[in-house]
Amino acid sequence: MSSISHADNHSINLGAPSFVQRFIKSLEGFFRTTCTTRQARIWHGRFSYPLIPNTSIRNFHNMPRVTTIDAGECYICIFDEVGYQGNYQIIGPGEKAQLTGCSSIVVSSQKISVASVMQNSRPPVGYWEMDGPTYLARFSSGYRYA
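In terms of the working numbering, the sequence shown opens at residue 734 and continues consecutively.
What follows is the structure, given as structure tokens:
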């Protein structure tokens with residue numbers, strides 16, 4: 734016999750009634766949730782704000798450098814140059830990227846054609862396109878009341 738077949742679970746059962754065990758287990762699952770929302774998020778150093786699906790940011794002029802992007806449940810195409818040009822990186826749902834160069838992004842709820850975005854220098858039809866400061870003023874809760 735293999736050593737795996739001789740393995741034993743050495744946990745201690747305190748003999749609590751099954752309904753108490755199920756209740757405690759449900760509470761553990763509730764409090765152990767790693768992320769309550771899977772919204773995409775962008776960081777400029779220590780400052781962050783949410784990214785809205787099916788939007789794009791054509792540039793980040795007059796803003797601190799983008800340092801991190803969390804895709805949440807979206808697909809995000811990150812371009813090195815303004816206007817969706819240059820080298821690009823695509824991150825999918827659940828991925829997070831540490832960035833050194835980010836000049837424009839497209840946030841999408843589904844996969845998009847990067848070639849058409851680069852060729853037309855604009856996001857797909859129906860996507861909101863803004864520059865970074867306008868995007869921040871429109872969607873960041875910290876700037877809504879300023």
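The beta-carbon is built from N, C-alpha and C at its ideal position, and this holds for glycine as well. Just so we're clear, the structure is a prediction, and the values are computed from it rather than from any experiment.
Using three-state DSSP, classify residue i as helix, strand or coil.
| i | result |
| --- | --- |
| Thr867 | helix |
| Phe793 | coil |
| Thr769 | Summary for Thr769: the model assigns pLDDT 44, below 50, so the residue's position carries little reliability; its value from the coordinates is reported in the next sentence. Note: Thr769 maps to coil in three-state DSSP. |
| Phe872 | helix |
Take the Cβ of residue i as the centre, count every other Cβ of all protein chains shown within 10 Å, and call the residue buried at 16 or more, exposed below.
| i | result |
| --- | --- |
| Arg798 | exposed |
| Gly805 | buried |
| Phe780 | exposed |
| Ser789 | buried |
Does the separation of the CB atoms of residue i and residue j fall below 9 Å?
| i | j | result |
| --- | --- | --- |
| Arg871 | Met863 | yes |
| Tyr817 | Ser846 | no |
| Val850 | Tyr808 | no |
| Asn795 | Gly865 | yes |
| Thr801 | Ile775 | yes |
| Trp861 | Asn787 | yes |
| Pro826 | Arg771 | yes |
Contact defined as beta carbons within less than 8 Å: I believe residue i pairs with residue j. What is the distance between those atoms, to the nearest angstrom?
| i | j | result |
| --- | --- | --- |
| Ala773 | Asp803 | 6 Å |
| Cys810 | Tyr821 | 6 Å |
Compute every distance between the C-beta of residue i and the non-hydrogen atoms of the ligand ADP, then say whether any falls below 8 Å.
| i | result |
| --- | --- |
| Ser781 | Of the ligands one can find in the structure shown there are none, so the ligand ADP has no counterpart to examine. |
Item to check | Every unbroken alpha helix (DSSP H) inside the region 811 to 864 [4 residues or more] | outcome: 847 to 853
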